[in-house]
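Number of protein chains: 2
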Amino acid sequence: MLYIIGLGLCDEKDITVRGLEAVKSSSRVYLEAYTSILLVNKERLETFYGKEIVVADRDMVETQAEEILHEADKQDVSLLVVGDPFGATTHIDIVLRARSSGIPVRVIHNASIMNAVGACGLQLYNFGQTVSLVFFTDTWKPDSFYDRVRENMGLGLHTLVLLDIKVKEQSEENLARGRKIYEPPRYMSISQAVSQILEIESLRAENVLSPKTTLAIALSRVGCDAGTGDTQQRIVCGTLEQLSEQPPESFGEPLHSLVIVGKRLHHLEVVYAEEYAVCRETWRRVAAEVYGCALD
Amino acid sequence: MLYIIGLGLCDEKDITVRGLEAVKSSSRVYLEAYTSILLVNKERLETFYGKEIVVADRDMVETQAEEILHEADKQDVSLLVVGDPFGATTHIDIVLRARSSGIPVRVIHNASIMNAVGACGLQLYNFGQTVSLVFFTDTWKPDSFYDRVRENMGLGLHTLVLLDIKVKEQSEENLARGRKIYEPPRYMSISQAVSQILEIESLRAENVLSPKTTLAIALSRVGCDAGTGDTQQRIVCGTLEQLSEQPPESFGEPLHSLVIVGKRLHHLEVVYAEEYAVCRETWRRVAAEVYGCALD
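Those protein sequence lines, which keep their order, are chains W and F. Position 193 of the first sequence, counting from 1, maps to 193 under UniProt numbering, and the rest follow consecutively. Position 85 of the second sequence, counting from 1, maps to 85 under UniProt numbering, and the rest follow consecutively.
1. Do the stretch 269-285 of chain W and the stretch 49-67 of chain F touch if we need at least three Cβ pairs shorter than 8 Å?
2. Tell me whether the beta-carbon of Gly252 of chain W lies closer than 8 Å to the beta-carbon of Arg221 of chain W.
3. Is Phe100 of chain F close to chain W? Criterion is C-beta to C-beta, closer than 8 Å.
4. Shortest alpha-carbon distance to Val131 of chain F belongs to which of W:Leu133, W:Phe127, W:Val134?
5. Roughly how far, in whole angstroms, is the beta-carbon of Lys168 of chain W from the beta-carbon of Asp57 of chain W, given that I think they are within contact range, below 8 Å?
6. Give me, in chain order, the residues of the same chain whose beta-carbon lies closer than 7 Å to that of Leu295 of chain F; leave out the 5 immediate sequence neighbours on both sides.
7. So, helix, strand or coil for Val261 of chain F, using DSSP?
8. Since Thr126 of chain F meets chain W, which of its residues come closer than 8 Å, beta carbon to beta carbon?
9. Say yes only if the C-beta of Arg280 of chain F is nearer than 7 Å to one or more non-hydrogen atoms of the ligand MN, and no if none qualify.
10. Mind checking the stretch 13-30 of chain F against chain W and listing, in chain order, the residues whose C-beta falls within less than 9 Å of any C-beta there?
11. Go ahead and pull the three-state DSSP assignment for Gly118 of chain W.
12. Is it the case that the stretch 241-260 of chain W contacts the stretch 139-156 of chain F, given that we only count it when at least three CB pairs across the two stretches are under 8 Å?
13. Please list, in chain order, all residues of the same chain as Arg18 of chain F whose beta carbon is under 7 Å from its beta carbon, the five residues on each side excluded.
14. Taking the C-alpha atoms as reference points, what is the distance between Leu265 of chain W and Glu151 of chain W?
15. In chain F, which residues lie with their C-beta within 8 Å of the C-beta of Gly252 of chain W?
16. Grouping DSSP H, G and I as helix and E and B as strand, with all else coil, what is Thr228 of chain F?
17. How many angstroms separate the CA atom of Cys224 of chain W from the CA atom of Glu274 of chain W?
18. If the cut is a Cβ gap below 9 Å, which residues of chain W does Asn41 of chain F touch?
19. Can you round the beta-carbon distance between Leu122 of chain F and Asn115 of chain F to whole angstroms, since I take them to be within the 8 Å contact cut?
20. For the structure I just gave you, are there three or more beta carbon pairs, one from the stretch 68-81 of chain W and one from the stretch 173-186 of chain W, closer than 8 Å?
21. Give the DSSP bridge partners of Thr159 of chain W, in chain order.
22. Tell me where the beta strand (DSSP E) around Thr239 of chain F begins and ends.
23. To the nearest angstrom, how far is the alpha carbon of Thr228 of chain F from that of Pro104 of chain W?
24. Name, going along the chain, the residues of the stretch 65-97 of chain W whose beta-carbon falls closer than 9 Å to a beta-carbon of chain F.
25. At 8 Å on the CB atoms, spell out the chain F contacts of Ser257 of chain W, in chain order.
26. Run the CB neighbour count on Asn41 of chain F, radius 10 Å, all protein chains shown included, and call it buried at 16 or more, exposed below.
27. Just checking, does the stretch 198-218 of chain F make contact with the stretch 241-248 of chain F on the three C-beta pairs under 8 Å criterion?
28. Since Val271 of chain W meets chain F, which of its residues come closer than 9 Å, beta carbon to beta carbon?
29. Determine, using beta carbons only, whether Ala193 of chain F comes closer than 8 Å to chain W.
30. So what does Val54 of chain F bridge to, in DSSP terms?
31. Identify the continuous alpha helix (DSSP H) that holds Gly19 of chain W and give its terminal residues.
32. Closer than 8 Å, Cβ to Cβ, to anything on chain W: give me those residues from the stretch 262-290 of chain F, in chain order.
33. Going by DSSP, what residue range makes up the beta strand (DSSP E) through Ala216 of chain F?
34. Could you spell out where the alpha helix (DSSP H) holding Arg177 of chain F opens and where it closes?
35. If you check the beta carbons only, do Gly118 of chain F and Leu9 of chain F fall under 8 Å apart?
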């Protein structure tokens, strides 16, 4: 049996009881380390699960699927995935390979940012399509996310924006020399995300977003209520301009996500999120005047 | 501390390790039984958790929040919620009450249908807003879902349709006589859902959906891979017409959900779901000819 097991959002205790049983029954355990990061290291997972874990980067899950699937028809093998196995990245490819080798597959679900984003208080019903925002370079500023946000905003829907992560990047020099030396991981900050979004708004100038009258909610480490201090979940909301002006530390540690708030905003949601506002007065004023929420 | 704990999708083992610890630390445990159903009974949960559980229907969570929150500033109280606490229903109201009484709240996330729907193989990125479909009566056929589906389809996005559940319904006679006798729970079947959807399509006639050329995916008991036979997850896909013609038992046991497939369909997704097709040939033909997927 190949188990594909969602680890949830935060640390080793976010696995489900069913998932933990599957890990313990497995003769080999792989951790997919590409699409997201778990907030604990491999050793802590190994101690908790009582199992050795092989870190499998995306290349491996895609190109060395044979190794992962080896003898999985005779013994249990677990592939651990941060969040849910069908979160931002589906694992269609490895499931199809397993199927064609007659290996049974069982998926063990968990929370992912795609549903835990509800922690900001906005109804999940009113989210449109999710978008990804990649690091811009001087010469490469992909702006297709802007069309998706426009589509959502046109319907009054909220947009979950997933911010880029760079792991296993090589410097140009190391790449040129074929040296497999990797740069430290980089995580897009909320300020950078907002600045990229507003840059495209001013280039495209389609009035989809406005620094002063578009509300947004920044989330960091969703689901990590259990930690203390900087490792805790943090939610900060305000206008895009306000968010762009906050010092980086006000958003907590990565991973970050951003929600661009659409017009289908309920007054109770405004009250709920007010606790997280950079400035309560501005939050309420924009919600009332621009979003049309009836606040007392 | 008030813990609001997602139980996940299927049975007592879908709680996370963190959630289980919180339940065990709590002096009182409530199970919210309204918005969804867990597929195991209260006694099985009580045995597994080693705790007595009070079933709280929606009325209670809304009107007797005081009881749930009683002394939660001094001791741990858990409110268990099927799926994720911020799934289809947010729990904003009880969190706001807790806040105003100075009671700390911790949310423990889990899978919900809003992310586990990815099990059908479609990218979550390409889902639009989620809709609910309620039981029609002779005189009440709310059709606002149709506008939401049209909006999604216009953008090529998939729509997750959540099917109505009726629990604690009273017959007209019992209601009139004030007798608190409730009918057995009812769960909307896939056939009924498709029939209601097509009824509104023929009334509104806006050509959003077509019996023969709109693809859909029916899901039952998502995440319940662990059971056997009828308790297992089941996925069935085809045109709306094909789904409407299947016998009820082909869709497995409730709860059911339905995905209406939008045009942003990738050929790998077609191949993945083909395994679940009522008729592979039709599935592939419509995907190729109507959805424009390049299949070999």
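We put the CB at the ideal spot given by N, CA and C, even for glycine. The model shown is predicted, which means the values in this text are computed figures rather than measured ones.
Short version:
1. no
2. yes
3. As written in the sequence, residue 100 of chain F is Ser, which differs from the Phe given in the question. Ser100 of chain F does not count as touching chain W.
4. W:Phe127
5. 6 Å
6. His267, Val270, Arg284, Ala287, Ala288
7. coil
8. The sequence given here places Asn at residue 126 of chain F; Thr does not occur at that position. Here the neighbours are Gln129.
9. Questions concerning the ligand MN fall outside what the structure shown contains, since it holds no ligand whatsoever.
10. Lys13, Asp14, Ile15, Thr16, Val17, Arg18, Gly19, Leu20, Glu21
11. helix
12. no
13. Ile108
14. 17 Å
15. The premise fails here: Gly252 of chain W is roughly 16 Å from chain F at the closest Cβ pair, so nothing lies under 8 Å.
16. Residue placement at Thr228 of chain F is poorly supported in this model, since its pLDDT is 49, which falls under 50; the coordinates still yield a value, given next. Residue state, collapsed to three classes: coil.
17. 20 Å
18. Within 9 Å Cβ-Cβ: nothing; Asn41 of chain F doesn't reach chain W, min ~18 Å.
19. Not really, about 12 Å apart at Cβ, beyond 8 Å.
20. no
21. W:Ile260
22. 234-239
23. Below a pLDDT of 50, predicted positions are generally treated as unreliable, and Thr228 of chain F, at 49, falls in that range; the measurement from the model is reported next regardless. Thr228 of chain F and Pro104 of chain W: Cα-Cα distance of roughly 14 Å.
24. Gly83, Asp84, Pro85, Phe86, Gly87, Ala88, Thr89, Thr90, Ile92, Asp93, Val95, Leu96
25. In chain order: nothing, as chain F lies at least about 14 Å away.
26. exposed
27. yes
28. Ile92, Leu96
29. no
30. F:Tyr30
31. 17-25
32. Leu268, Glu269, Val271, Tyr272, Glu275
33. 215-220
34. Run containing Arg177 of chain F: none; DSSP gives neither H nor E here.
35. no
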